[in-house]
Amino acid sequence: MSEDGSAQHPEEGSHDELYESLRAYEGRTAATAKPGKDPVNEPMIRHWCEAMGHPVPPDGTAPATMLQVWTMAGLGAAHMTDQPYGPYGAYGASGDGQAGGGRGSGYVALLEALDDAGYTSVVATDCEQEYARPLRPGDTVTFDSVIESVSPRKTTKLGTGYFVTTRMDLRTGGEPVGSHRFRILKYRPAHAHTRSTTGENAATTGENVATTGGGSTGNATTGNGTTGIATTGDATTESATTGPGSAGKGGGAREPRRPRPVVNRDNAGFWEGVSAHKLLVQRCDDCGTPRFPWLPGCNACGSADWSAFEAAGRGTVYSYVVMHHPAFPAFDPPYAVALVELEEGVRIVSNITGVACEKVRIGMPVELEFLRVDDELELPVFRGAGAA
Amino acid sequence: MTATARTAPVEGDELPPLEIQVTRTLIVAGALATRDFQDVHHDGDAARGKGSPDIFMNILTTNGLVGRYVTAWAGPHARLRKVAIRLGAPNYPGDTMTLTGRVTAVRGPDAGEPDRGVPGGTEGGAVEIAVRGANSLGNHVTGTVLLTLPEPQEGAES
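Those protein sequences? They're chains A and B, same order as listed. Using our numbering, read the first sequence as starting at 43 and increasing by one per residue. Using our numbering, read the second sequence as starting at 308 and increasing by one per residue.
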């Protein structure tokens with residue numbers, strides 16, 4: 043997913059400072075008694091009905107599902123900011139010189155903060171409207187808008203980002219006519235499409251937003267991220283989708299490749315071992331406790347002194363999951379992702395080879411082997427007992 | 308089962324499916340009619356630059372099509388009370404979306420659910436419908452519609 047050069051995640055880690063700052067926007071008003079650009083009118087109703095193939099209501103009212111149209115900023119607002127002309131860009135907060143705006147406030151400021159952090163794309167995921175009474179030509183709509191919530195960072199098939207929910211209440215002459223709750227995902231694209239890949243990649247991005255509600259799609263159970271090895275097929279996790287060496291390399295954009303591992307000072311020794319077909323485990327020089335994945339300090343005593351030793355390569359399946367859905371590029375479900383407990387006492391997340399995924403069982407003996415994924419990537423995997 | 312709401316709908320009634328050809332024209336016209344000028348709904352290159360294989364339908368058009376679908380079944384005098392949708396697989400040009408629906412609840416007149424203290428009109432029963440719009444990639448939209456039927460039931464001519 044990352045070969046097209048998706049950006050790094052500077053805020054990587056359990057503490058998400060960006061999220062903390064985004065949460066400050068929750069409850070903030072994005073618009074107060076903001077007037078719609080146009081009163082409800084017959085031409086806009088008719089144009090909308092033509093586009094939708096919707097009959098014009100015989101009583102001359104506006105179709106109910108047209109509700110939000112009366113609050114939209116329109117194209118003119120595009121000249122004021124770079125985000126304001128969609129339903130995401132909240133006319134109400136766009137600071138376009140009308141009441142209730144103020145560019146530094148509310149929704150636009152929130153979106154700008156996300157843009158600045160690299161979450162530049164947007165997609166709408168949910169729309170919930172309630173209608174108190176039909177709108178008629180001549181009605182003048184005003185609306186209040188509030189930022190209801192900002193989600194923690196979520197990783198979806200589209201990319202990693204934050205869900206932002208706003209609620210808008212519409213009135214005419216002070217009387218409620220409807221409400222509108224709207225949820226968007228502001229995200230960092232997982233990859234950009236080129237013309238040459240348009241057709242074949244359509245399906246791989248197809249369900250994107252369908253997975254957004256679940257965020258990390260349940261793969262947390264695989265322990266992904268604890269090893270730094272992108273073997274689980276969870277191409278949507280942050281740890282698997284970023285990393286030096288992943289950006290712009292390979293040139294084989296047509297063929298999806300497995301995510302590249304993140305190699306850094308703390309784990310470089312591990313990957314050097316892999317390239318030499320050795321599975322290296324750390325051991326604390328002070329207390330002797332083995333540890334994996336690679337870390338700069340000892341979990342048991344805190345010592346920063348350590349040595350590496352080669353694991354014998356024998357272990358058992360401590361736990362496992364069989365991935366059926368969602369399908370990630372470069373992975374061919376179903377396949378087994380296992381937490382293997384090595385004889386040396388540490389555990390590693392990897393794939394099980396040589397055994398049909400439905401035959402994998404807890405306690406199954408496994409043995410290390412190295413899988414050549416492509417010309418740049420080799421991974422330690424585990425062959426199930428009894429396999430030829 | 309029941310093809311229209313001419314007769315009083317009951318729980319479990321299926322709405323007749325509606326196939327919608329997702330043309331480039333529909334996507335662009337829908338985006339502009341809903342005053343949504345996000346480039347991903349009309350500019351293919353911009354859409355690709357943002358990680359999408361092509362332009363795709365905006366949520367407000369989907370919302371309008373869901374409204375059209377249930378209105379065609381319930382008749383033009385039915386009144387929509389609530390439409391709540393969630394998007395899944397995008398509607399790209401060239402695809403076909405098939406809308407289906409099923410009545411999940413029916414309440415008699417004066418059951419009093421939808422108004423929430425807001426002045427409404429006189430009306431008959433309230434009907435809740437689960438709607439789904441599927442394309443070649445999966446479910447584009449799933450959602451729930453709550454509407455009230457006119458009292459007496461008339462004019463469900465479509």
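Here a beta-carbon is modelled for each residue, glycine too, at the ideal position from N, C-alpha and C. Computed from a predicted structure; not experimentally measured.
Query raised in the report: Is the CB-CB distance between T331/A and V188/A below 7 Å?
Result: In this structure, V188/A does not lie closer than 7 Å to T331/A by Cβ.
Query raised in the report: Short check: CB of G415/B to CB of G432/B, under 7 Å?
Result: Annotated as proximal: G415/B and G432/B, with beta-carbon spacing under 7 Å.
Query raised in the report: What does S163/A touch in chain B if you count any residue whose Cβ is under 7 Å from its own?
Result: The CB of S163/A comes closer than 7 Å to the CB of K357, G358 in chain B, given here in chain order.
Requested in this report: For the stretch 163-178 of chain A, enumerate the residues whose C-beta is nearer than 9 Å to any C-beta of chain B, in chain order.
Outcome: Legend: CB atoms of the stretch 163-178 of chain A lying less than 9 Å from CB atoms of chain B belong to residues S163, V164, V165, A166, T167, D168, C169, E170, Q171, E172, Y173, A174, R175, P176.
Query raised in the report: Going by the beta-carbon positions, is the gap between G357/A and L322/A smaller than 7 Å?
Result: If you check the CB distance, G357/A and L322/A do not come in under 7 Å.
Query - Through-space distance from G358/B to L413/A, alpha-carbon basis - result: Cα to Cα, L413/A sits roughly 30 Å from G358/B.
Query raised in the report: Under 8 Å Cβ-Cβ, which residues of chain B neighbour V111/A?
Result: Here the neighbours are A340, T341, R342, L367.
Query - Rounded Cβ spacing between L337/B and M108/A (contact assumed at less than 8 Å) - result: In the sequence as presented, Leu is not what sits at residue 337/B; that position holds Gly. Actually they are not in contact, since the Cβ atoms of G337/B and M108/A sit about 12 Å apart, beyond 8 Å.
Query - Per DSSP, cross-strand counterpart(s) of Y204/A - result: Its beta-bridge partners are K228/A.
Query - Status (buried if at least 16 other CB within 10 Å, exposed otherwise) for Q328/B - result: In summary, Q328/B is exposed, with fewer than 16 beta-carbon neighbours lying within 10 Å of its beta-carbon over all protein chains present.
Query raised in the report: Going along chain A, which residues have a C-beta under 7 Å from L322/B?
Result: Result: empty, since nearest Cβ-Cβ is about 16 Å, beyond 7 Å.
Requested in this report: Run down chain B in chain order and give the residues with a C-beta less than 7 Å from the C-beta of H89/A.
Outcome: Ordered by position in chain B, the residues that pass the 7 Å Cβ test against H89/A are A340.
Requested in this report: Let me know if K76/A comes out buried or exposed under the rule of 16 or more other beta-carbons within 10 Å of its beta-carbon.
Outcome: Around the CB of K76/A, 16 or more other CB atoms lie within 10 Å, so the residue is classed as buried.
Query - Residues bridged to P407/A (per DSSP) - result: Beta-bridge pairing links P407/A to T358/A.
Query raised in the report: beta strand (DSSP E) containing N442/B: first to last residue?
Result: Its beta strand (DSSP E) spans residues 433-442.
Query raised in the report: So, does the CB of A441/B fall closer than 7 Å to a CB anywhere in chain A?
Result: So no, A441/B is outside the interface.
Query - Residue-chain proximity (H96/A, chain B), Cβ-Cβ < 7 Å - result: Output row for H96/A: interface = yes.
Report task. Confirm, please, whether the CB-CB distance from V408/A to A378/A is below 7 Å. Result -> In terms of Cβ geometry, A378/A and V408/A do not form a close pair [threshold 7 Å].
Query raised in the report: So which residues of chain B does A427/A contact, with C-beta pairs closer than 8 Å?
Result: Within 8 Å Cβ-Cβ: nothing; A427/A doesn't reach chain B, min ~38 Å.
Requested in this report: List the residues of chain B that L410/A touches, going by C-beta distances under 9 Å, in chain order.
Outcome: Correct list: empty, because the minimum Cβ distance to chain B is about 37 Å.
Query raised in the report: chain B partners of G201/A, CB-CB under 7 Å?
Result: Those within 7 Å of G201/A in chain B are G358.
Query raised in the report: Hey, is G215/A's beta-carbon within less than 7 Å of any beta-carbon in chain B?
Result: For G215/A, no Cβ of chain B is located within less than 7 Å of the residue's own Cβ.
Requested in this report: May I have the straight-line CA-CA distance separating V364/A from C399/A, to the nearest angstrom?
Outcome: About 7 Å.
Query raised in the report: Helix, strand or coil: which one does DSSP assign to G69/A?
Result: Three-state DSSP puts G69/A in coil, outside helix and strand.
Query - the stretch 402-409 of chain B contacting the stretch 315-331 of chain B, beta-carbon criterion three pairs below 8 Å - result: Short answer: they touch.
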